[in-house]
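In the UniProt record's numbering, the protein residues as written are 1 to 298.
Glycine included, C-beta positions come from ideal geometry on N, C-alpha and C.
These figures come from a predicted structure and were not determined experimentally.
Here's the structure we're looking at; comments come further down.
Structure (structure tokens):
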């Protein structure tokens, strides 16, 4: 695995109560933003965002929780890496990060691709996670018919998944990243406050982030789509109690792709939020915090 130990020189966006540190795991250096004290919760961001995706959740942080918000490999202020962007790689990074931080067991919350990595992490090391909230993401065993009929929703990935084209688009066409984020929200005019889209589009233009975004999607095509066609692999079973929360107006992962994974999960519940899109941490942080309070008692 080839890693470049150079992180972004851009200043961190300001969020009250947040501290920052860098942690070396699996040959790379991850940036971690943290806030609060108490029950540890690991929050994994999606694409094309970074730790700042949790800014509103952090601002509404209830007493008694420690939020741990890493930038995934290559994103935000985590070191760029030429490889290691597959789902299983990100899951291994998550478990290694817990080791480095000294946490035997945490609650897990993931959004979008962060939730996809969260499923892989729960399958890999279920003993490390008390519970899991997956926001705007299907589980690894969706109904095949639903997957086929909804595949057209991923049209945009054809622009960014190919090695050369994807990096060029993400680095030099920031309007595309802005379009993806605006399109993902049910009401973009209300969801995005001044400067927020600028932060994510600027971060996405960094060479390491552009490569990570492209590579993440390409590894999904190469590794995960075949596994989905086979019904995942190895008789894997989700043993971590899990809550999937999706938006009724999600243009990427619509309710048709959400199900209870009968036969593949010990305890999985699905909730669909009316009026919400694909950006629940940005659109409905109040609801995300409410689910954290209920699902992760302390």
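Cα-Cα separation between residue 87 and residue 94, rounded to whole angstroms: Position 87 of the chain shown, counting from 1, holds the residue named residue 87. Position 94 of the chain shown, counting from 1, holds the residue named residue 94. Taking the straight line joining both Cα atoms gives about 11 angstroms.
Does the Cβ of residue 9 have 16 or more other Cβ atoms within 10 Å, making it buried, or fewer, making it exposed? Taking the chain shown and counting its residues from 1, one reaches residue 9 at position 9. So residue 9 counts as exposed.
Are the Cβ atoms of residue 71 and residue 31 separated by less than 8 angstroms? Reading the chain shown from its first residue, position 71 is the one you call residue 71. Reading the chain shown from its first residue, position 31 is the one you call residue 31. Yes; because the gap between Cβ atoms is below 8 angstroms, this pair is in contact.
For a test of the three-state rule: what should DSSP assign to residue 34, helix, strand or coil? By 1-based counting over the chain shown, the position of residue 34 is 34. If DSSP states are grouped into helix, strand and coil, residue 34 belongs with the strands.
Rounded straight-line distance, which links the Cα of residue 186 to that of residue 11: On the chain shown, residue 11 is found 11 positions in, with the first residue counted as 1. On the chain shown, residue 186 is found 186 positions in, with the first residue counted as 1. Distance between the alpha carbons of residue 11 and residue 186: 30 angstroms.
Please say whether residue 249 and residue 213 have beta carbons closer to each other than 8 angstroms? Within the chain shown, the letter at position 213 stands for residue 213. Within the chain shown, the letter at position 249 stands for residue 249. It is not a contact, given that the beta carbons lie outside the stated cut-off.
Using only alpha-carbon positions, find the residue among 209, 182, 52 and 254 that is nearest to residue 160. Translated into the one-based positions of the chain shown, residue 160 becomes position 160. Residue nearest to residue 160 within the set 209, 182, 52 and 254 is 209 (criterion: CA-CA distance).
What residue does the beta strand (DSSP E) around residue 82 start on, and which one ends it? As a position in the chain shown, residue 82 is number 82, starting the count at 1. Looking at the DSSP string, residue 82 is not in any beta strand (DSSP E), and its letter there is neither H nor E.
Can you tell me the Cα-Cα spacing of residue 1 and residue 85, whole angstroms? Residue 1 sits at position 1 when you count from the first residue of the chain shown. Residue 85 sits at position 85 when you count from the first residue of the chain shown. In this prediction, residue 1 scores a pLDDT of 48, lower than 50, which makes its location untrustworthy; no coordinate-derived value is stated.
If you draw a straight line from the alpha carbon of residue 82 to that of residue 211, how long is it in whole angstroms? The residue labelled residue 82 in the question sits at position 82 within the chain shown. The residue labelled residue 211 in the question sits at position 211 within the chain shown. When rounded, the distance between both Cα atoms is 8 angstroms.
Can you have a look at residue 68 and say buried or exposed, based on whether 16 or more other CB atoms are within 10 angstroms of its CB? As a first step, residue 68 must be located in the chain shown, where it is residue number 68. Flag for residue 68 reads buried.
Identified DSSP bridge partners for residue 133: On the chain shown, residue 133 is found 133 positions in, with the first residue counted as 1. Note: residue 133 sits in a beta bridge opposite 109 and 243.
Does the stretch 256-266 come within contact of the stretch 25-39, defined as at least 3 CB pairs closer than 8 angstroms? no
Does the stretch 35-49 come into contact with the stretch 98-107, if we say contact requires no fewer than three beta-carbon pairs (one atom in each stretch) closer than 8 angstroms? Yes, since at least three Cβ pairs between the stretch 35-49 and the stretch 98-107 fall closer than 8 angstroms, the two stretches touch.
Buried or exposed: where does residue 190 fall if 16 or more other Cβ atoms within 10 Å of its Cβ makes it buried? On the chain shown, residue 190 is found 190 positions in, with the first residue counted as 1. Exposed, since its Cβ has fewer than 16 Cβ neighbours within 10 Å.
Whether or not the stretch 160-176 and the stretch 145-152 are in contact is what I'm after, with contact meaning three or more pairs of Cβ atoms, one per stretch, closer than 8 angstroms; do they touch? By the Cβ test, the stretch 145-152 is not in contact with the stretch 160-176, since fewer than three Cβ pairs between them sit closer than 8 angstroms.
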